[in-house]
Amino acid sequence: MRMASLRLPDSIPSPVQDSERLNQALQGRGVDEKVIVWILGHRNAIQRKQIKDTYQQLYKESIIHRLQSKLFGVFKTAMILWMNEAPERDAILANMALKRKRKKINQLQVLVEIACASSPDHLMAVRQAYFSLYECSLEEDITSNISTSLQKLLVGLVSSYRHDRELVDFNLAKSEATKLHEAIEKKQLDHDDVVWIMTTRNFFQLRATLCATSKATKLLLIRPLIVVEMVIRASTIGYWTKDEDSLTRAIVTRAEIDMTKIKEEYFKMNNTNLDDVVRRDASGFTKAS
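For this note's numbering, count along the sequence shown from 1 and bump the result up by 775.
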């Protein structure tokens, strides 16, 4: 069962009260970040939607646009992502990755995260949101912005609709692990077998396939397939580094889904509390989450 870690206060003010306090915190040259974090960092998706609607009614301005004009850096990115609904949030993240002038493998991993760590319905909603926001399909933008052998694989990943039942065929996993190994050895990332396996198998089947590969093959898979093993293993386990963009993205996108489980897995893998790592390496909203 997925477990969230978003902490809500016992008594929550009305959307009007929250909107009024936020408006005060965003007045003048500076902003009161503590108030912003205390309010928005402790409201669930429904409550944040109510705040967005109420703020628009009261001040004839989008709270998201207001935050964009007043905040800076990672804190700004975190708050904008947090205030968007989940499909729009992932669509924005995908677009940010695709529009980077210099696209490194680890910067494109967000596309794999969205494709592999999302439910089929959520991925469909992300694609719809992407088209609404950018008047272009996600698949078209991948094709026009990615020229490497990853293009075919990424298009297949984001356009797939994989079931999410916990069914695993271990014989199939062994067979497909062999195919993956052969394709990687030949550096054929766009091989039909690779694309078919990665775009049709669900989370559980892919994890079994990766477990069936040799250690050497796993190491080869990590780099060219954009840290697929990390994504498949536990959606977000493994990003926690001093790359605050990745840290922020992981916390914002998983805080209402399975952050408690992620913390447990992180401790098992690293013998360190994830909260301690966040307090040491992160700032602002990320810590509050």
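Ideal placement from N, C-alpha and C gives every residue a C-beta, glycine not left out. Bear in mind the structure is a predicted one, so any value in this text is a computation, not a measurement.
Problem - arginine 937 beta carbon less than 8 Å from that of asparagine 977 - result: In contact: asparagine 977 and arginine 937 (Cβ atoms closer than 8 Å).
Problem - C-alpha gap between valine 1003 and threonine 975, whole angstroms - result: A caution first: valine 1003 carries a pLDDT of 36, below 50, which makes its placement in the model too unreliable to give a value.
Exercise for the section: Have a look at alanine 1025 and phenylalanine 850 and give me their C-alpha separation to the nearest angstrom. Expected result: In this structure, the straight-line span from the alpha carbon of alanine 1025 to that of phenylalanine 850 is close to 14 Å.
Exercise for the section: For my contact list, leucine 873 and isoleucine 917 are in at a C-beta cut-off of 8 Å; report their separation, rounded to the angstrom. Expected result: About 7 Å; that satisfies the 8 Å criterion.
Practice task
Along the alpha helix (DSSP H) that carries glutamine 792, what are the first and last residues, could you check?
Solution key: It spans 790-800 - the alpha helix (DSSP H) in which glutamine 792 sits, taken as one unbroken run.
Problem - Selected residue, minimal CA-CA separation from leucine 913, among Asp944, Leu898, Ala958 - result: In terms of CA proximity to leucine 913, Leu898 leads the group Asp944, Leu898, Ala958.
Practice task
State the Cα-Cα distance for the pair leucine 868 and serine 844, rounded to the nearest angstrom.
Solution key: If you draw a straight line from the Cα of leucine 868 to the Cα of serine 844, it is about 19 Å long.
Exercise for the section: Write down the C-beta distance between serine 893 and valine 901 rounded to the nearest angstrom, noting that I regard them as a contact closer than 8 Å. Expected result: Yes, serine 893 and valine 901 are in contact; Cβ-Cβ is about 7 Å, under 8 Å.
Exercise for the section: Enumerate in chain order the residues of its own chain whose CB-to-CB distance from glutamine 792 is below 7 Å, with the five nearest sequence positions on each side excluded. Expected result: Excluding sequence positions up to five before and after glutamine 792, its CB lies less than 7 Å from no other CB in the same chain.
Problem - Between the CA atoms of methionine 858 and leucine 815 - distance to the nearest angstrom - result: The alpha-carbon of leucine 815 is positioned some 8 Å away from that of methionine 858.
Handout entry: C-alpha distance - threonine 984 paired with glutamine 926, whole-angstrom precision
Key = A direct Cα-Cα distance of roughly 22 Å separates threonine 984 from glutamine 926.
Exercise for the section: With DSSP collapsed to three states, give me the class of glycine 816. Expected result: If DSSP states are grouped into helix, strand and coil, glycine 816 belongs with coil.
Practice task
Out of Leu932, Gln903, Ile1032, Ala904, point me to the one whose CA is closest to valine 887's CA.
Solution key: Taking the Cα of valine 887 as reference, the smallest distance to any Cα among Leu932, Gln903, Ile1032, Ala904 is reached at Leu932.
Exercise for the section: Could you tell me the boundaries of the alpha helix (DSSP H) in which glutamine 963 lies? Expected result: Going by DSSP, glutamine 963 is part of no alpha helix (DSSP H) at all; its letter is neither H nor E.
Exercise for the section: Can you tell me which of Val969, Phe847, Thr829, Glu941 puts its alpha carbon nearest to the alpha carbon of arginine 804? Expected result: Answer by Cα proximity: Phe847.
Practice task
From the DSSP output, in three-state form, read off isoleucine 1026 for me.
Solution key: In the structure shown, isoleucine 1026 sits in a helix (DSSP, three-state: H, G or I).
Problem - Closest Cα partner of glutamine 941 within the set Ile855, Arg982, Met973, Val970 - result: Residue 941 is actually glutamate in this sequence, not glutamine. Of the listed residues, the one whose Cα sits closest to glutamate 941 is Arg982.
Problem - Alpha-carbon to alpha-carbon, alanine 952 and tyrosine 830 - result: Tyrosine 830 and alanine 952 have their C-alpha atoms some 52 Å from each other.
Handout entry: Alpha-carbon to alpha-carbon, phenylalanine 1042 and isoleucine 838
Key = Cα to Cα, isoleucine 838 sits roughly 37 Å from phenylalanine 1042.
Handout entry: Reduced DSSP secondary structure (H/G/I, E/B, other) of arginine 823
Key = Taken through DSSP and simplified to helix, strand or coil, arginine 823 comes out as helix.
Exercise for the section: Please work out which residues of its chain come closer than 7 Å, Cβ to Cβ, to leucine 928, disregarding the five sequence neighbours upstream and downstream, and give them in chain order. Expected result: Within its own chain, the residues whose Cβ lies closer than 7 Å to the Cβ of leucine 928, once the five positions on either side in sequence are excluded, are Leu964, Asp965, Val969, Val970, Met973, listed in chain order.
Practice task
Just mark glutamine 799 as buried or exposed, buried being the case when its beta carbon has 16 or more other beta carbons within 10 Å.
Solution key: That one is exposed.
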